[in-house]
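Add 2 to a position in the sequence shown, counting from 1, and you land on the number used in the working numbering. Every residue gets a Cβ at the ideal spot worked out from N, C-alpha and C, and that includes glycine. Working notes for the structure below.
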Amino acid sequence: MPSTTKASRFFNLVDQREFAFCQAINQSLRFRPVHSYFQLVSRLGDGWLWYALILAMPLIRPDHGLTLALLMAATGLTCTVTYKLLKRWLIRERPFISFPSINCGTPPLDRYSFPSGHTLHAACFTTIIAMMAPGLFWPLLPFTLSVAASRVVLGLHYPSDVVAGALIGGCMGALAVNGFAEPLRILLAA
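The following block contains the structure:
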């Protein structure tokens with residue numbers, strides 16, 4: 003496990019550098035409306051909004067909504083496997099665990115921090131929507147940005163977890179569209 007040891011040393015250095023920012027952002031939880039808003043966004047980002055969007059896609063986009071829904075579902079499963087493997091391999095503790103002065107604003111879904119799975123999924127799905135149903139991109143973007151911000155505000159992730167999740171998710175979404183959307187559309191049309 004030499005890579006885990008190297009990753010742990012690296013994350014310890016990065017954690018120290020990101021701590022002050024995380025702590026400052028986390029202080030906004032003292033304001034009840036801020037706390038309530040980000041808890042709600044986090045809960046919807048657990049998957050509920052994405053499940054609803056996937057189920058509604060054939061109704062919203064009759065032309066290729068089924069293709070879009072299946073692509074989002076398959077890519078979402080791939081995202082889940084990817085972030086879970088990365089978290090188990092890289093083992094970065096969450097900010098509220100490493101730094102007791104950071105409050106946990108909502109219970110996490112799993113133990114480790116890197117990368118942010120919520121942000122990974124949000125960026126992936128938003129990228130797919132931007133590429134295949136651009137009219138839905140702008141209404142969805144504020145939610146995606148709120149999901150990303152919620153991870154730091156709620157003390158669950160460091161900013162670098164969120165950036166990594168956004169980059170990985172965005173790439174996975176673009177790869178899914180470029181590699182699988184057309185073959186899936188053809189398969190469904192047959």
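For residue i, which three-state DSSP category applies?
i, result
"Tyr39", "helix"
"Tyr114", "strand"
Less than 8 Å between the CB atoms is what I'm expecting for residue i and residue j, so what's the real figure, rounded?
i, j, result
"Leu92", "Phe116", "5 Å"
"Leu79", "Leu186", "Not confirmed; about 14 Å, so no contact."
"Phe270", "Pro161", "With the chain covering only 3 through 192, there is no way to say anything about residue 270."
"Ala183", "Met134", "6 Å"
Do residue i and residue j have their CB atoms nearer than 8 Å?
i, j, result
"Asn28", "Val149", "no"
"Ala146", "Ala178", "Note on identity: in this sequence residue 146 is Thr, with Ala being the wrong assignment. No, these two residues do not count as a Cβ contact at 8 Å."
"Leu97", "Ile104", "Reading off the sequence shown, one finds Pro at residue 97, where the question assumed Leu. Closer than 8 Å, so yes."
"Pro60", "Leu68", "yes"
"Ser44", "His120", "yes"
"Phe40", "Phe101", "no"
"Ile56", "Ala75", "yes"
Could you give the distance in angstroms between the alpha-carbon of residue i and the alpha-carbon of residue j?
i, j, result
"Ala58", "Ala191", "19 Å"
"Val165", "Asp48", "18 Å"
"Val140", "Thr128", "In the sequence as displayed, the identity of residue 140 is Trp instead of Val. Near 9 Å, if we compare the C-alpha coordinates of Thr128 and Trp140."
"Ala168", "Pro136", "18 Å"
"Gly157", "His66", "39 Å"
"Lys8", "Asp112", "22 Å"
"Cys173", "Asn180", "10 Å"
"Leu42", "Pro64", "30 Å"
"Val83", "Cys126", "14 Å"
"Ser118", "Gln25", "18 Å"
"Ala176", "Asp17", "30 Å"
"Ala132", "Ile170", "16 Å"
"Pro144", "Leu122", "15 Å"
"Thr77", "Ile130", "9 Å"
"Arg211", "Arg32", "There is simply no residue 211 to check, as the chain begins at 3 and stops at 192 in what is shown."
"Pro35", "Asp163", "25 Å"
"Met3", "Arg19", "Because the pLDDT of Met3 is 44, which lies under 50, any placement of that residue in the model is unreliable, and the number read from its coordinates should be weighed accordingly. If I take the Cα positions, the gap works out to 25 Å."
"Thr108", "Ile188", "43 Å"
"Ala151", "Ile99", "19 Å"
"Leu138", "Tyr114", "32 Å"
Out of the options, which one is the CA nearest neighbour of residue i?
i, options, result
"Glu95", "Cys173, Arg11 and Leu46", "Arg11"
"His239", "Lys89, Phe33, Ala176 and Leu142", "No information on residue 239 is available, as it lies outside the stretch 3 to 192 that the chain covers here."
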